[in-house]
Every structure is written in structure tokens, then in C-alpha cells.
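Note that the working numbering numbers the sequence shown so that position 235 is 294, with each residue one more than the last. Cβ coordinates follow ideal geometry from the N, Cα and C atoms, glycine included. Fair warning: this is a prediction, and the values are worked out from it, not measured in the lab.
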Amino acid sequence: MPWFPVIISHSPVWSHYARRYVGAGVAVVEEGNDLSSSMTAKNMIKRLTSRVLHFNKAPWKRLRALIAGGRTWRVSGRRNTVCIEGQTQNVSYDIDGNDNRVLVQANALLSNVTVFIRGNNNTLLVSRGVRYLGGSFRFEGNNCTIEIGENTTVVSASLQAIESNRQISIGKQCMLGMEVSAWTSDFHTIIDRDTKQRINSAQDIILDDHVWVGAYVLILKGVHVGRGSVIGARSVVTKDVPPHVVAAGSPARVVREGVDWNPGKDAS
Ligand SMILES: CC(C)(COP(=O)(O)OP(=O)(O)OC[C@H]1O[C@@H](n2cnc3c(N)ncnc32)[C@H](O)[C@@H]1OP(=O)(O)O)[C@@H](O)C(=O)NCCC(=O)NCCS
Numbered sequence: 060m061p062w063f064p065v066i067i068s069h070s071p072v073w074s075h076y077a078r079r080y081v082g083a084g085v086a087v088v089e090e091g092n093d094l095s096s097s098m099t100a101k102n103m104i105k106r107l108t109s110r111v112l113h114f115n116k117a118p119w120k121r122l123r124a125l126i127a128g129g130r131t132w133r134v135s136g137r138r139n140t141v142c143i144e145g146q147t148q149n150v151s152y153d154i155d156g157n158d159n160r161v162l163v164q165a166n167a168l169l170s171n172v173t174v175f176i177r178g179n180n181n182t183l184l185v186s187r188g189v190r191y192l193g194g195s196f197r198f199e200g201n202n203c204t205i206e207i208g209e210n211t212t213v214v215s216a217s218l219q220a221i222e223s224n225r226q227i228s229i230g231k232q233c234m235l236g237m238e239v240s241a242w243t244s245d246f247h248t249i250i251d252r253d254t255k256q257r258i259n260s261a262q263d264i265i266l267d268d269h270v271w272v273g274a275y276v277l278i279l280k281g282v283h284v285g286r287g288s289v290i291g292a293r294s295v296v297t298k299d300v301p302p303h304v305v306a307a308g309s310p311a312r313v314v315r316e317g318v319d320w321n322p323g324k325d326a327s
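Shown next as C-alpha cells:
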């Protein structure tokens, strides 16, 4: 779906524009921030109400927005872009910085999620066919990326790209259970007393395609999970996991090799 920006911010007749561009994709632009959407006609008016009222910032309007949907749209800075080609339900955006991008591609569903960004030039990509049913995305730093590959299913996850130039990449056709967390940083610094150097720098997290992460798993900085692997429930993953194994425990260790998995309950 191509982007189809229409400037309607500050307009007291937003509903006129919203109706006019229903189905064509709409952008709400204020102070250089683009919020673009190609939602269904049914939801569009309601959602735009929430967004525009939040931007205009008059207290009574914010109250009305709260009543309208309970969603938060706080976007400050310049040239931030939110493009929703798929479907979102109860998603809150709290963005402070410049040149950040959120893209929810067609046929993706993002539900009960908070998108929190503090920094510049960060990117959240939710690819086609993703079902992400709860949790949060958090960016603290610049030039970070969180990417969810096509047709991945997430029950609930908190994905946090913390410190600049970091990425979290979840491959295609992965499955994440409830309450999964992945953090690129330890959030605080550990220093070697002899060298005075930091020993716990932030690192990327990569899950290859077709990885199954069980419920309540914590994935720490620098982990790469190979294709087709399974992470047992409540594991803490601190090191790389090779392809086609089951890894489990805290810290997670390989407990089985030469496996594959499917999302059903039988062998097919
Ligand atoms: C990872 C899992 C799928 C593996 O199942 P499995 O292949 O049948 O594994 P087994 O039960 O035979 O266990 C193999 C070994 O790993 C250990 N193990 C398995 N899961 C573990 C876990 N979550 N934490 C710690 N150790 C675990 C077992 O104790 C066993 O150890 P042993 O060989 O020393 O006896 C399963 O243990 C699991 O975690 N299930 C929950 C999945 C989930 O979270 N689903 C929610 C929806 S996504």
C-alpha cells in the first residue's frame, strides 16, 4: 500500500478530511511528524479522533481522546513517521526524538502494545502477516532497529533496543509465547577495576527464521538463536543457540539436538 499523506493537523474540520480520504491511506502531519494509516473505514474516524486531539493538546480535547479510545499518541520532535498498513488495536505511541519510523505492514496485527521511543533515527518494522498480541517495544538511543519477520506470532513480548546502534531482529515464522523479553543492554555498566573498561557493552539480538521461544523466556544481549531451534519455558538465554536444537534452563543449555518444530499439536 503506497503512502498517501494528507495534512490535516491543526484543522478543526479533521473529520471532513478523514471521511474524504477513507480507504486511501491518511497521514496526520504536525511539526514534521507523519502518522500514516490505511485502516478500514469502520475504525478510521474513531482512531483519527484520538490522534488529532492528542496532537492539538488542549486539555479538554485530550480528555475526549481518552474517552474515545484510551490510547496515547504522544509524539514530539521532527519528522517522526508512523505508517500503519495493517491493523492495530489499543496501541499507544510515546515518541520523543527525530526521524523515528514505525511501519506496520499489510496483514499484520499489532494489539495491546506500547511503542516507546527516546532518541533519533530508530526503526520499528512489523512485517506482513505478523500477529503481535501484547507487550511493548522500547527504544532508548539512536539508530536502533527492531524488526519482526513475516508471519511471526507473538503472544506477548517486551523487546527493548537500548543504547545506540543496536538491533533486535526476529526472523520469519517464529513463535514467541507469553511474557518473552529481549534486551540489548544490561541497562547499567559493569567496569573491570584493572582496565577501567566496560565489560558489558550492549549487543544485538538475532533470532533466525522459524525459532520457537517458550513462555517467560529472557533473552539477553548478544544472543543469536539459529534457525529451527526451541527455547524452553522460563529460560534465560545468555549465549548463542545453534540451529535445530532445544535449549533450556538458566542459563540456557542445549538439551536436545537435531529437532524441528511446528505450531500444531501433531507431527504434520
Ligand atoms: C522446551 C520444551 C518444548 C522441550 O520439550 P521436550 O523436548 O519434550 O523436552 P524434555 O521434557 O524431554 O526435556 C529435555 C531435558 O531438558 C530439560 N528441560 C526441558 N524444558 C526445560 C525448561 N523449560 N527449563 C529447564 N530445563 C528444561 C528437561 O529437564 C530435560 O532434562 P534432562 O535431560 O536432564 O532430564 C518444553 O520443555 C517446554 O519448555 N515447554 C513449554 C513451551 C511453552 O512455553 N509453550 C507456551 C506457548 S509458546
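Legend entry - Rounded C-alpha distance that separates Gly145 from Thr254: One-based indexing of the sequence shown puts residue 145 at position 86. One-based indexing of the sequence shown puts residue 254 at position 195. If you take the alpha carbons of Gly145 and Thr254, they lie about 50 Å apart.
Inset, instruction - For the stretch 279-309, list the alpha helix (DSSP H) runs that are entirely contained and at least 4 residues long, ordered along the chain. - result: none
Inset, instruction - Excluding the 5 residues preceding and the 5 following Gln256 in the sequence, name in chain order all residues of the same chain whose CB lies nearer than 8 Å to its CB. - result: Taking the first residue of the sequence shown as 1, we reach residue 256 at position 197. Hits under 8 Å: Ile250.
Inset, instruction - Report buried or exposed for Phe246, applying the criterion of at least 16 other Cβ atoms within 10 angstroms of its Cβ. - result: As a first step, residue 246 must be located in the sequence shown, where it is residue number 187. Exposed is the call here.
Inset, instruction - Measure the alpha-carbon distance for Asn149 versus Val304 and round it to whole angstroms. - result: The residue you call residue 149 lines up with position 90 of the sequence shown. The residue you call residue 304 lines up with position 245 of the sequence shown. Near 36 Å, if we compare the C-alpha coordinates of Val304 and Asn149.
Legend entry - Exposure label - Ser309; buried when at least 16 CB within 10 Å: What you label residue 309 is simply residue 250 of the sequence shown in a count that begins at 1. Exposed: under 16 other Cβ atoms inside 10 Å.
Inset, instruction - Please confirm whether any heavy atom of ligand 1 lies closer than 7 Å to the CB of Val333. - result: Summary: the structure shown does not reach residue 333, with the chain confined to residues 60 through 327, and so no result is reported for it.
Legend entry - CB of Ile205 within 8 Å of CB of Leu218, strictly: For this step, residue 205 is matched to residue 146 along the sequence shown. For this step, residue 218 is matched to residue 159 along the sequence shown. It is a contact, given that the beta carbons lie within the stated cut-off.
Inset, instruction - Take Ser186 as the anchor and find which of Ile278, Ile143, Leu279 has the nearest alpha-carbon. - result: Taking the first residue of the sequence shown as 1, we reach residue 186 at position 127. With distances taken between Cα atoms, Ser186 lies closest to Ile143.
Legend entry - Own chain residues within Cβ distance below 6 Å of Asn171, not counting five before or after: Taking the sequence shown and counting its residues from 1, one reaches residue 171 at position 112. Answer for Asn171: Asn149, Gly193, listed in chain order.
Inset, instruction - Would you tell me roughly how many angstroms separate the C-alpha atoms of Ile207 and Arg197, rounded to the nearest one? - result: Start at 1 with the first residue of the sequence shown, and residue 207 comes out as number 148. Start at 1 with the first residue of the sequence shown, and residue 197 comes out as number 138. Computed Cα separation, rounded: 14 Å.
Inset, instruction - May I ask whether a heavy atom of ligand 1 can be found less than 7 Å away from the beta carbon of Ser294? - result: If you number the sequence shown from 1, residue 294 lands on position 235. Answer for Ser294: yes, Cβ within range of ligand 1.
Inset, instruction - Give a single yes or no on whether Ala165 has its beta carbon closer than 7 Å to a heavy atom of ligand 1. - result: For the purposes of this step, residue 165 is taken as the residue at position 106 of the sequence shown. Result no, Cβ not under 7 Å from ligand 1.
Inset, instruction - From the DSSP output, read off the bridge partner residues of Ile250. - result: Here residue 250 refers to the residue found at position 191 when the sequence shown is read from its first residue. Per DSSP, Arg257.
Inset, instruction - Could you pull out every residue in the same chain whose Cβ sits closer than 6 Å to the Cβ of Gly273, ignoring the five residues on either side in sequence? - result: By 1-based counting over the sequence shown, the position of residue 273 is 214. If we look at Gly273 and ignore the five residues flanking it on each side, its Cβ neighbours are Gly236, Ile290, Gly291, Ala292.
Inset, instruction - Kindly examine ligand 1 and report whether one of its heavy atoms sits closer than 7 Å to the Cβ of Val6. - result: Missing from the structure shown is residue 6; the chain here goes from 60 to 327 and no further.
Legend entry - Residue interval of the beta strand (DSSP E) (run including Val239): As a first step, residue 239 must be located in the sequence shown, where it is residue number 180. From DSSP, the beta strand (DSSP E) with Val239 extends over 239-242.
Inset, instruction - Tell me where the beta strand (DSSP E) around Thr211 begins and ends. - result: What you label residue 211 is simply residue 152 of the sequence shown in a count that begins at 1. Per DSSP, Thr211 belongs to no beta strand (DSSP E) and is neither H nor E.
Inset, instruction - From the DSSP output, read off the bridge partner residues of Gln146. - result: Taking the first residue of the sequence shown as position 1, residue 146 is located at position 87. DSSP, once it has assigned bridges, lists Leu168 as partnering Gln146.
Legend entry - Identity of the residue in Asn201, Asn224, Cys233 nearest Thr211 by Cα: If you number the sequence shown from 1, residue 211 lands on position 152. Answer by Cα proximity: Cys233.
Legend entry - Exposure label - Thr140; buried when at least 16 CB within 10 Å: The residue you call residue 140 lines up with position 81 of the sequence shown. Looking at its Cβ environment, which holds 16 or more other Cβ atoms inside 10 Å, Thr140 is buried.
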